[in-house]
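For reference, the structure discussed in these notes is given below.
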Amino acid sequence: MELCSYHWVLVALNIRTMTTCYLDSLEDQSSDDLKEIVNKALRIHPP
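Each position in the sequence shown, counted from 1, maps to that position plus 252 in our numbering.
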């Protein structure tokens, strides 16, 4: 019996240190796509 059928993602950005924390409820998902999106956004809109 599946208790939770929701998929969630949490992304925290620390602009000062240029680091991210990525949490995904589906542990087998890769965060490479998200990393690319964040890096592009930071190049377009630097802190």
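Note that the Cβ used here is the ideal one computed from N, Cα and C, for glycine as well.
Reduced DSSP category for residue 286 - H, G, I as helix; E, B as strand; rest coil: Position 34 of the sequence shown, counted from the start, is the residue given in the question as residue 286. It is helical.
Proximal residues to residue 299 (C-beta, below 7 angstroms), its chain only, five neighbours per side dropped: Counted from its first residue, the sequence shown places residue 299 at position 47. Correct list, in chain order: 267.
Sequence-distant residues of its chain with Cβ nearer than 6 angstroms to residue 260 (five each side left out): In the sequence shown, the residue the question calls residue 260 occupies position 8. Hits under 6 angstroms: 277.
Rounded C-alpha distance that separates residue 272 from residue 292: Sequence index remark: in the sequence shown, residue 272 carries index 20 (1-based). Sequence index remark: in the sequence shown, residue 292 carries index 40 (1-based). C-alpha separation (whole angstroms): 14 angstroms.
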